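*Asks:* Top line first, the protein sequences correspond to chains A and B. Following UniProt numbering, the residues of the first sequence are numbered contiguously, the last one being 285. Following UniProt numbering, the residues of the second sequence are numbered contiguously, the last one being 285. Before anything else, here's the structure in question.
2 protein chains.
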Amino acid sequence: MELWYTENHSKEAKFSIKVEKQLYSGQSDFQRMDVFESNEFGRFFTLDGLVMITEKDEFIYHDMIVHVPMATNPKIRNVLVIGAGDGGTVRELTRYAHLENIDMVEIDQMVVDICREYFPNSTSGLDDERVHLYFEDGLKFVQEKKNAYDLIIVDSTDPIGPGEGLFTREFYKNCYEALTEDGILVNQHESPFYEEYQRAMKRSHKRIHEFFPVARVYQVHIPTYASGHWLFGFASKSLDPVKDLKEEWWNSLGLETGYYNTDIHSAAFALPNYVKKLLQEAVEE
Amino acid sequence: MELWYTENHSKEAKFSIKVEKQLYSGQSDFQRMDVFESNEFGRFFTLDGLVMITEKDEFIYHDMIVHVPMATNPKIRNVLVIGAGDGGTVRELTRYAHLENIDMVEIDQMVVDICREYFPNSTSGLDDERVHLYFEDGLKFVQEKKNAYDLIIVDSTDPIGPGEGLFTREFYKNCYEALTEDGILVNQHESPFYEEYQRAMKRSHKRIHEFFPVARVYQVHIPTYASGHWLFGFASKSLDPVKDLKEEWWNSLGLETGYYNTDIHSAAFALPNYVKKLLQEAVEE
Numbered sequence: 001m002e003l004w005y006t007e008n009h010s011k012e013a014k015f016s017i018k019v020e021k022q023l024y025s026g027q028s029d030f031q032r033m034d035v036f037e038s039n040e041f042g043r044f045f046t047l048d049g050l051v052m053i054t055e056k057d058e059f060i061y062h063d064m065i066v067h068v069p070m071a072t073n074p075k076i077r078n079v080l081v082i083g084a085g086d087g088g089t090v091r092e093l094t095r096y097a098h099l100e101n102i103d104m105v106e107i108d109q110m111v112v113d114i115c116r117e118y119f120p121n122s123t124s125g126l127d128d129e130r131v132h133l134y135f136e137d138g139l140k141f142v143q144e145k146k147n148a149y150d151l152i153i154v155d156s157t158d159p160i161g162p163g164e165g166l167f168t169r170e171f172y173k174n175c176y177e178a179l180t181e182d183g184i185l186v187n188q189h190e191s192p193f194y195e196e197y198q199r200a201m202k203r204s205h206k207r208i209h210e211f212f213p214v215a216r217v218y219q220v221h222i223p224t225y226a227s228g229h230w231l232f233g234f235a236s237k238s239l240d241p242v243k244d245l246k247e248e249w250w251n252s253l254g255l256e257t258g259y260y261n262t263d264i265h266s267a268a269f270a271l272p273n274y275v276k277k278l279l280q281e282a283v284e285e
Numbered sequence: 001m002e003l004w005y006t007e008n009h010s011k012e013a014k015f016s017i018k019v020e021k022q023l024y025s026g027q028s029d030f031q032r033m034d035v036f037e038s039n040e041f042g043r044f045f046t047l048d049g050l051v052m053i054t055e056k057d058e059f060i061y062h063d064m065i066v067h068v069p070m071a072t073n074p075k076i077r078n079v080l081v082i083g084a085g086d087g088g089t090v091r092e093l094t095r096y097a098h099l100e101n102i103d104m105v106e107i108d109q110m111v112v113d114i115c116r117e118y119f120p121n122s123t124s125g126l127d128d129e130r131v132h133l134y135f136e137d138g139l140k141f142v143q144e145k146k147n148a149y150d151l152i153i154v155d156s157t158d159p160i161g162p163g164e165g166l167f168t169r170e171f172y173k174n175c176y177e178a179l180t181e182d183g184i185l186v187n188q189h190e191s192p193f194y195e196e197y198q199r200a201m202k203r204s205h206k207r208i209h210e211f212f213p214v215a216r217v218y219q220v221h222i223p224t225y226a227s228g229h230w231l232f233g234f235a236s237k238s239l240d241p242v243k244d245l246k247e248e249w250w251n252s253l254g255l256e257t258g259y260y261n262t263d264i265h266s267a268a269f270a271l272p273n274y275v276k277k278l279l280q281e282a283v284e285e
């Protein structure tokens with residue numbers, strides 16, 4: 001027999017992975033979750049039928065969501081992570097000895113429980129003593145914080161289901177207020193290629209742009225996400241991710257990374273013309 | 001009914017496109033060719049079951065294989081294109097008024113005939129008076145040329161079937177000899193992610209590196225190719241694609257492009273650590 005997992009990247013394009021076996025399937029109060037074993041990607045985790053992480057390429061996503069802001073501001077001490085139940089973002093953050101506090105707010109505790117069981121590598125930072133887990137709605141959590149965090153990372157699902165609130169105007173405004181003077185907001189920013197993802201990308205950029213003086217977008221090659229062309233947003237009150245990159249400082253830390261380096265840091269902010277045009281349209285709409 | 005085209009990106013990962021109808025299917029002396037109509041990608045063309053071009057994203061491939069070398073050396077006048085039967089590479093070249101001669105050598109005339117019929121946009125440059133078509137083996141064609149071309153573009157299929165000879169030591173050596181003093185060789189350089197493509201990437205880099213003092217690799221987001229993470233090789237006798245980029249000159253030409261710009265030109269040469277490591281291994285093997 002053959003068992004194939006299939007994900008629709010658009011209504012008329014789909015991606016399939018041959019599966020050795022399904023290791024877990026369950027339903028939380030928020031979403032369906034599955035864990036599969038495959039030869040090509042190792043174990044992989046899906047939420048509502050969309051790939052969140054695979055053992056083979058999760059390093060790409062987590063390198064680029066964490067090291068880009070961290071290399072821009074060496075003074076970051078207090079970090080808020082929203083979503084990120086698979087643990088990979090926190091794992092990368094805990095590699096920085098100078099960080100003092102990492103609050104992680106995940107709405108769905110079951111995501112963390114399942115990932116702890118099946119993905120020991122990606123969840124390996126969750127027991128670091130600087131990490132505090134809150135199983136709450138990130139939208140509400142951030143609302144109560146003012147001038148509190150140097151960095152907020154929004155490591156969310158797509159803007160349908162439990163991730164929806166993390167793409168709203170209100171949320172971005174609250175993030176702005178929760179950030180310190182040189183505060184940085186990095187978010188999972190969808191993809192420019194397929195129409196539905198493109199709409200989400202434009203909406204997110206439009207809204208972030210309303211509140212943050214610096215609102216830039218950077219791109220990454222993530223083969224298991226729709227089109228393989230994925231984006232993150234970098235917004236801040238003052239710092240520019242390219243001009244303010246602390247190249248020498250970051251390289252002096254000696255962190256080994258599979259994707260990120262300080263050359264690719266700056267390069268990721270150079271966008272193709274068609275993507276620049278879409279982002280410009282979003283701002284002007 | 002539903003009709004789906006499926007391509008294996010690896011033995012255990014595949015990509016499928018919903019097809020409205022098959023417009024053409026045939027067999028030449030060299031390969032099978034098919035043309036499909038789809039909603040998501042418009043028309044698309046396959047050789048031996050692998051996507052060559054789609055109307056939706058062919059601009060990405062052709063922008064990046066042509067404008068990167070052209071923006072590096074304004075003195076290019078005489079160009080050799082090998083493969084490229086869909087015409088897209090020649091179309092982009094013909095936009096440069098200062099080019100004097102473009103020789104295109106495609107082993108399989110049927111590719112050009114079929115693409116002329118079904119892809120009028122991508123083949124629109126083939127009747128330019130500076131373009132000379134040769135339906136011959138590129139390997140033999142280049143063997144007889146010495147100090148003749150300022151730029152050679154190898155726009156080949158993968159190194160199986162008719163494209164195989166275009167990945168050999170002998171071929172790269174002949175390209176070196178066919179190039180003028182500041183000559184540039186750009187080639188389709190496969191992909192770093194899936195094992196089979198990764199092997200082809202390493203082999204190509206190893207061999208080019210043996211003959212050319214400058215042998216660099218650059219990356220592009222091409223959603224319809226395996227993993228979406230695609231590479232081109234830039235090799236030359238003297239010019240460096242980043243240091244020698246003629247940014248002002250190229251921008252003064254006023255060419256409109258969907259993907260390429262002079263920022264992404266330099267950025268594309270910043271590679272992820274895991275890709276740099278694979279290329280380094282290739283050279284040391």
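Built from N, CA and C at the ideal position, the CB exists for glycine as well. Being a predicted model, the structure only gives us computed values, none of them experimental.
1) What are the complete alpha helix (DSSP H) segments, minimum 4 residues, inside the stretch 106–147 of chain A?
2) Any C-beta of chain B sitting closer than 9 Å to the C-beta of A:Lys-14?
3) Interface residues of chain D around A:Ser-122 at Cβ under 7 Å?
4) Return the residues of the stretch 43–64 of chain B that lie within a Cβ-Cβ distance of less than 7 Å from chain A, sorted by chain order.
5) Where does A:Ser-25 sit, in a helix, a strand or coil, going by DSSP?
6) Among B:Glu-100, B:Phe-234, B:Phe-59, which residue has its Cα nearest to the Cα of B:Asn-78?
7) Could you name the residues of the same chain whose beta carbon sits closer than 7 Å to that of B:Val-90, not counting the 5 residues immediately before and after it, in chain order?
8) Would a check of beta-carbon distances place B:Gln-188 closer than 9 Å to chain A?
9) Do B:Lys-56 and B:Glu-40 come within 9 Å of each other at the CB atom, strictly closer than that value?
10) Determine, using beta carbons only, whether B:His-209 and B:Val-283 come nearer to each other than 9 Å.
11) B:Tyr-274: which of B:Glu-7, B:Ser-191, B:Tyr-176, B:Pro-241 sits nearest, CA to CA?
12) Kindly say whether A:Leu-253, judged by its beta-carbon, lies nearer than 9 Å to any beta-carbon of chain B.
13) Note down, in chain order, each residue of its chain lying with its Cβ closer than 6 Å to the Cβ of B:Leu-133, except the 5 sequence neighbours on either side.
14) Is DSSP giving B:Met-70 helix, strand or coil here?
15) Can you check whether the C-beta of B:Gly-228 is within less than 9 Å of a C-beta belonging to chain A?
16) Can you grab the Cα-Cα spacing for the pair B:Gly-42 / B:Met-1, in whole Å?
17) Can you tell me the Cα-Cα spacing of A:Phe-211 and A:Ala-270, whole angstroms?
18) Could you tell me the boundaries of the alpha helix (DSSP H) in which A:Phe-232 lies?
19) Any chance you could list the alpha helix (DSSP H) runs of at least 4 consecutive residues sitting entirely within the stretch 150–227 of chain A, in chain order?
20) For B:Ala-267 and B:Lys-202, I'd like the C-alpha separation in whole angstroms.
21) Quick check: what's the CA-CA separation for B:Glu-7 versus B:Tyr-225?
22) Can you find a CB in chain B that lies within less than 9 Å of the CB of A:Ser-156?
23) Output the boundary residues of the beta strand (DSSP E) element that contains A:Lys-11.
24) Between B:Val-112 and B:Arg-207, what straight-line distance do the alpha-carbon atoms span, to the nearest angstrom?
25) B:Pro-120 and B:Phe-234 - do their beta-carbons sit closer together than 9 Å?
26) Below 7 Å CB to CB, which residues in the same chain sit around A:Arg-216 once its five sequence neighbours on both sides are set aside?
27) Rounded to the nearest angstrom, what separates A:Glu-247 and B:His-265 at their Cα positions?
28) In its own chain, which residues sit with a C-beta less than 6 Å from the C-beta of B:Asp-63, not counting the 5 before and 5 after it?
29) Using a 10 Å radius around the Cβ and a threshold of 16 neighbouring Cβ atoms, would you call B:Ala-97 buried or exposed?
30) Tell me which same chain residues have a C-beta within less than 7 Å of the C-beta of A:Ser-122, skipping the five on either side of it?
31) If we ignore side chains and look at the alpha-carbon of each, how far apart do A:Gln-198 and B:Val-186 end up?
32) By a C-beta neighbour count over all protein chains shown, 10 Å radius and 16 as the cutoff for buried, is B:Ile-160 buried or exposed?
33) Between which two residues does the beta strand (DSSP E) harbouring B:Asp-263 extend?
34) For the stretch 181–210 of chain B, which residues have a beta carbon sitting closer than 7 Å to at least one beta carbon of chain A?
35) Please classify A:Leu-3 as buried or exposed, where buried requires at least 16 other C-beta atoms within 10 Å of its C-beta.
36) Residues of chain B with CB under 8 Å from residue 287 of chain A, in chain order?
*Replies:* Taking the geometry as given:
1) For the stretch 106–147 of chain A, whole alpha helix (DSSP H) runs of length 4 or above, ordered along the chain, are 109–118, 138–143.
2) Position 14 of the first sequence, counted from the start, is the residue given in the question as residue 14 of chain A. Interface flag for A:Lys-14 against chain B is set, since a Cβ pair is found closer than 9 Å.
3) Among the protein chains in the structure shown, which are A and B, there is no chain D.
4) Within the stretch 43–64 of chain B, no residue qualifies.
5) By one-based count along the first sequence, residue 25 of chain A stands at place 25. If DSSP states are grouped into helix, strand and coil, A:Ser-25 belongs with the strands.
6) Mapped onto the second sequence, residue 78 of chain B falls at position 78. Nearest Cα to B:Asn-78 within the set B:Glu-100, B:Phe-234, B:Phe-59: B:Glu-100.
7) Against the second sequence, residue 90 of chain B aligns to sequence position 90. Residues of the same chain with a CB within less than 7 Å of the CB of B:Val-90, apart from the 5 flanking positions on each side, are Val-81, Ala-84, Ile-102, Met-104, Gly-125, Leu-126, Val-131 in chain order.
8) Along the second sequence, one-based indexing puts residue 188 of chain B at 188. Under the 9 Å criterion on CB atoms, B:Gln-188 is classed as non-interfacial with respect to chain A.
9) Reading the second sequence from its first residue, position 40 is the one you call residue 40 of chain B. Reading the second sequence from its first residue, position 56 is the one you call residue 56 of chain B. At the C-beta level, B:Glu-40 and B:Lys-56 come within 9 Å of one another.
10) Your numbering for residue 209 of chain B matches position 209 in the second sequence. Your numbering for residue 283 of chain B matches position 283 in the second sequence. Result yes, Cβ atoms of B:His-209 and B:Val-283 sit closer than 9 Å.
11) Taking the second sequence and counting its residues from 1, the one referred to as residue 274 of chain B is at position 274. Just measuring C-alpha positions, the residue of B:Glu-7, B:Ser-191, B:Tyr-176, B:Pro-241 sitting nearest B:Tyr-274 is B:Ser-191.
12) For the purposes of this step, residue 253 of chain A is taken as residue 253 along the first sequence, with counting starting at 1. For A:Leu-253, the answer is no, since every Cβ of chain B falls outside 9 Å of its Cβ.
13) As a position in the second sequence, residue 133 of chain B is number 133, starting the count at 1. Cβ within range, chain order: Met-104.
14) Indexing the second sequence from 1 puts residue 70 of chain B at position 70. Correct three-state label for B:Met-70: helix.
15) Taking the second sequence and counting its residues from 1, the one referred to as residue 228 of chain B is at position 228. For B:Gly-228, a Cβ of chain A is located within less than 9 Å of the residue's own Cβ.
16) In the second sequence, the residue the question calls residue 42 of chain B occupies position 42. In the second sequence, the residue the question calls residue 1 of chain B occupies position 1. Cα to Cα, the separation comes out at about 19 Å.
17) Translated into the one-based positions of the first sequence, residue 211 of chain A becomes position 211. Translated into the one-based positions of the first sequence, residue 270 of chain A becomes position 270. Those two C-alpha atoms are separated by around 22 Å.
18) Within the first sequence, residue 232 of chain A is the residue found at index 232, counting from 1. No alpha helix (DSSP H) holds A:Phe-232; the beta strand (DSSP E) holding it covers 229–236.
19) The qualifying runs are 169–178, 195–211.
20) As a working note, residue 267 of chain B is residue 267 in the second sequence. As a working note, residue 202 of chain B is residue 202 in the second sequence. A direct Cα-Cα distance of roughly 21 Å separates B:Ala-267 from B:Lys-202.
21) For the purposes of this step, residue 7 of chain B is identified with residue 7 of the second sequence, where counting begins at 1. For the purposes of this step, residue 225 of chain B is identified with residue 225 of the second sequence, where counting begins at 1. Roughly 10 Å separates the two Cα atoms.
22) Counting from one through the first sequence, the residue named residue 156 of chain A turns up at place 156. Chain B has no Cβ within less than 9 Å of the Cβ of A:Ser-156.
23) Position 11 of the first sequence, counted from the start, is the residue given in the question as residue 11 of chain A. Neither: A:Lys-11 is in no beta strand (DSSP E) and is coded neither H nor E.
24) Your numbering for residue 112 of chain B matches position 112 in the second sequence. Your numbering for residue 207 of chain B matches position 207 in the second sequence. Those two C-alpha atoms are separated by around 29 Å.
25) Numbered from 1 along the second sequence, position 234 holds the residue referred to as residue 234 of chain B. Numbered from 1 along the second sequence, position 120 holds the residue referred to as residue 120 of chain B. No.
26) Within the first sequence, numbered from 1, the residue matching residue 216 of chain A stands at position 216. Here the set comprises Phe-234, Pro-241, Phe-269.
27) Looking up residue 247 of chain A in the first sequence gives position 247. Looking up residue 265 of chain B in the second sequence gives position 265. Roughly 21 Å between the two C-alpha positions.
28) Here residue 63 of chain B refers to the residue found at position 63 when the second sequence is read from its first residue. These residues qualify, in order along the chain: Thr-257, Tyr-259, Tyr-260.
29) Locating residue 97 of chain B in the second sequence gives position 97, where the first residue counts as 1. When all chains shown are included, B:Ala-97 counts as exposed.
30) The residue given as residue 122 of chain A occupies position 122 in the first sequence. Cβ neighbours of A:Ser-122 beyond the five flanking positions: Ile-53, Glu-58, Asp-86, Gly-87, Gly-88, Arg-91, Cys-115.
31) As a first step, residue 198 of chain A must be located in the first sequence, where it is residue number 198. As a first step, residue 186 of chain B must be located in the second sequence, where it is residue number 186. When only Cα atoms are considered, A:Gln-198 and B:Val-186 end up about 31 Å apart.
32) For this step, residue 160 of chain B is matched to residue 160 along the second sequence. By the 16-neighbour rule on beta-carbons within 10 angstroms, B:Ile-160 is exposed.
33) Looking up residue 263 of chain B in the second sequence gives position 263. No beta strand (DSSP E) contains B:Asp-263, which is instead part of the alpha helix (DSSP H) from 262–267.
34) Answer in chain order: Phe-193.
35) Against the first sequence, residue 3 of chain A aligns to sequence position 3. When all chains shown are included, A:Leu-3 counts as exposed.
36) Residue 287 of chain A is absent from the model: chain A starts at 1 and stops at 285.
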